[in-house]
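So the sequence lines, in the order shown, correspond to chains X and Y. Position 127 of the first sequence, counted from 1, bears residue number 127 in the numbering used here, the numbering being contiguous throughout. Add 1000 to the 1-based position in the second sequence for the numbering used here, that's all there is to it. The C-beta atom is built at its ideal place from N, Cα and C for all residues, glycine as well. The structure presented is a predicted model; accordingly, all values stated were derived computationally and were not measured. Everything below concerns the one structure shown next.
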Amino acid sequence: MAMTDDRITFWFGCNMLRHAEMIRLSILLLEKVGYDVSAAGGPAYCCGTAHDHQPHAASNMAERTVSRFNDAASAEGRSTVVTWCPSCHMHMSDIMAPGNPTSFDIAHITELLAARADRLTPLLTHKVERRVLLHRHLGFTTHVSVNDAVRGVLAAIPGVEVIDGPAVPGHMCSALEATPGATAKVAKDTWDMAVDSGCDTLATIFHSCHRILSPTDGREGVTIRNWVHLVAEAMGLPASDAYRDWRKGGAPDIAAIERSGAKLYAQLVEPELRKAAVLK
Amino acid sequence: MSTLPSAVATSTEAYLEAAGPRLAEQCTACGACFDACPMVDYIDLRKADAREVTADMRSLARGTPGGHAAVSWVGACAKSGRCRSACPEQAAGLDAMLLIRIARQHALNVTGQLPAKRDAAAFPRVKTFARLQLTDEELAKWL
C-alpha cells in the first residue's frame, strides 16, 4: 500500500500499559486531528532500551520491533511511527535505526498535535479553569521540543494558565531512580513550585512521572493530571485516571483482578500500588 | 517529524560495538560533558576533576576499566542530554550522550564495575496491568 503522512503507527511503549486511559485518549486525539492510527506497544514491541545489561537480547528486541514497523509501512502504508515514550523515541533514533534498516519516519505525539493545532484548537470547547504547573525535564529536548509542544497545547485550552515548572534532570522521572534521592528531590522541587506559585494542578508529560507523582494527588489542593487528561477535559471527554486512584488506596474491581490473574495481581501489581509515595 | 538515520551496521549490538571505540577516539576528555551534567550534583562529584573523570569514561567506552568517579557518573546518567550540546566535538560527529551510554554498558557488561539491575518481573507486571484494563479487542490489536 502506498505510504501517506496520515497513516501512522502509535507506538506507546511498555510501561504506558499502566495507564490505559492515556493510551486511549492519545489515539483519540490523533484521530480527531485527522490521523489513521494503528496502536502498538507492550513487550512484543520493546525497543530494548532498558536491557543494556543484555546487549544481545536488546539487539534482538530492536530488530523485531523495527521489522514490525517496516511491515506496517509496506503492508498498510503507515509512513510514520509516532512515539509517546521518550526512551523509545531516543533509542529508535540513536541506536535502533543505525543498526536496522527502517522504512518509516519518527515523530512524537506532541509534535503531530502541535503541527495540527489548527484542527485541535477548535475542539477545545470546554473551559478548564486551572492554574497548571507543567512538570518538565531537561532531557529529550535533544530530540523533540516536548516541553514547548505540551505548553502550546495546554495554553490553547480555554481557562488554563500554564506555569513552567523547574527543568529537572533526566528525560523522565524513571531515569532518576538509579540515583538514590534524585527522584525524591526532583519531585519535591516540582511540587514545592506548584504550591508556591498557587497552582491547583500539576501536569505531567510522561507516564513515569505520572506514576511517581500520582500518590500525591490532592495534597495541598494540587491535582495530578497528565496533559492528555486536560486536553480531554477541554473536549468534554471523560478523563478518568485509574492508576492514580489505585495508588491513592483504590483498587481495580474484582472481575478485572480475576481476569488479570489474581495471583499475578497480588505478586506483581499490588506491591507497586501500595508502595509509599516518593514525596513524603 | 524526523527522518531516521540510515543503518550503518547489521544490528544494534554491532553498531554499539563499533561506535564505542570510534566515539572514544573523537573524545578529547576535555571535561565539558561532565561539567554540563546536572546529575553530577546528585552524586556529589561536582568537585571532581572533570578531565580525569571523562578520560576514565573514555576508557570505559573502549572496554577498559575506569575509575570510581567515572563509573558512578556513567551509572547515574539519566539522559538529560546537556552533554551533547556542551561537547566541542559535536560538530565533528561526537555524540557525547551515546558515548557515555556505551561507557555505562561496558561498565555493566565488560568491566563488571556496575551491578546489573535485572527486574525479571518487569514484562509480566506490565502485561498484568494490561489485562486489568484493556478489552480483549485492545489486547489482541495492540500487543
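Alpha-carbon to alpha-carbon, X:V144 and X:A175 = 17 Å
My guess is that X:G236 and X:H126 are in contact by the Cβ rule of under 8 Å, so how many angstroms apart are they, rounded?
-> 5 Å
Contact the region 197–216 of chain X vs the region 245–254 of chain X: 3+ CB pairs below 8 Å = yes
Is the beta carbon of X:C14 sitting closer than 8 Å to the one on Y:V1008?
-> no
Nearest candidate by alpha-carbon position, reference X:H207, set X:T190, X:M172 and X:P43 = Checking every option, the nearest Cα to that of X:H207 belongs to X:M172.
From Y:W1073, Y:L1099 and Y:Q1090, pick the residue whose C-alpha is nearest to that of Y:D1041; which is it?
-> Considering only alpha carbons, the answer is Y:W1073.
So, helix, strand or coil for X:N226, using DSSP?
-> X:N226 falls in the strand class under three-state DSSP.
Unbroken stretches of the alpha helix (DSSP H), 4 residues or longer, contained in the region 1010–1080 of chain Y = 1012–1026, 1032–1036, 1039–1042, 1050–1061 and 1068–1075
Using the beta-carbon of each residue, which ones in chain X are nearer than 9 Å to Y:G1081?
-> M90, L138, G139, F140, T141, T142, H143 and H171
Give the straight-line distance between the Cα atoms of Y:S1006 and Y:S1059, rounded to the nearest whole angstrom.
-> 28 Å
Members of the region 111–123 of chain X near chain Y, C-beta cut-off 7 Å = E111
Ordered list of alpha helix (DSSP H) runs contained in the region 158–222 of chain X, each at least 4 residues | 182–196 and 207–213
Is X:A155 buried or exposed, if buried means 16 or more other CB atoms sit within 10 Å of its CB?
-> exposed
Touching or not, the region 1025–1041 of chain Y and the region 1086–1093 of chain Y, by the rule of three or more beta carbon pairs under 8 Å?
-> yes
What is the rounded straight-line gap between the Cα of X:A277 and the Cα of X:I212?
-> 7 Å
Hey, how far is the Cα of Y:L1132 from the Cα of X:E111?
-> 30 Å
Closer than 8 Å to chain Y by CB, X:R244 | No - not a single Cβ of chain Y is within 8 Å of the one on X:R244.
Spatially closest choice to Y:A1024 from Y:W1142, Y:D1136 and Y:T1064, by CA coordinates | Y:T1064
Which of the three DSSP states, helix, strand or coil, is assigned to X:A39?
-> Correct three-state label for X:A39: strand.
Please classify Y:R1101: is it buried, with 16 or more other beta-carbons within 10 angstroms of its beta-carbon, or exposed?
-> The residue is buried, with at least 16 neighbouring Cβ atoms inside 10 Å.
Taking only the alpha-carbon atoms, compute the straight-line gap between X:K32 and X:D192 and give it to the nearest angstrom.
-> 36 Å
Indicate whether X:I106 and X:V150 have their beta-carbon atoms separated by less than 8 Å.
-> no
Can the beta-carbon of X:E21 be found less than 8 Å from the beta-carbon of X:S240?
-> It is a contact, given that the beta carbons lie within the stated cut-off.
Pairwise C-alpha distance: X:I254 and X:D94 | 43 Å
DSSP-derived helix/strand/coil call for X:F140 = coil
Is it buried or exposed for X:G99, if we count other Cβ within 10 angstroms and need 16 for buried?
-> buried
Measure from the alpha carbon of Y:A1078 to the alpha carbon of each residue in Y:G1031, Y:A1061, Y:L1098 and Y:G1066, then state which is nearest.
-> Ranking the options by Cα distance to Y:A1078, first place goes to Y:L1098.
With a CB to CB cut of under 6 Å and the five nearest residues on each side skipped, what residues in its chain are close to X:H229?
-> A239, listed in sequence order.
Indicate whether the contact test is met: 3 or more Cβ pairs, each with one atom in the region 185–203 of chain X and one in the region 120–134 of chain X, closer than 8 Å.
-> yes
State the DSSP-derived secondary structure class of Y:S1002, mapped to helix, strand or coil.
-> strand
To the nearest whole angstrom, what separates the beta carbons of Y:L1154 and Y:A1069, a pair I think is in contact under 8 Å?
-> Coverage of chain Y is limited to positions 1001 through 1143, which leaves residue 1154 of chain Y absent and any answer about it impossible.
In the structure shown, what three-state DSSP assignment does X:H135 receive?
-> strand
Figure out for me which residue from X:K263, X:A262, X:I257 and X:F140 has the closest Cα to the Cα of X:M92.
-> It is X:F140.
Closest residue to X:R119 among X:D148, X:V153 and X:V168 (Cα-Cα distance) | X:V153
Report the neighbours of X:V269 on chain Y: residues whose CB is nearer than 9 Å to its CB, in chain order.
-> Ordered by position in chain Y, the residues that pass the 9 Å Cβ test against X:V269 are R1125, T1128, F1129 and L1132.
Chain Y partners of X:S214, CB-CB under 7 Å?
-> Correct list: empty, because the minimum Cβ distance to chain Y is about 13 Å.
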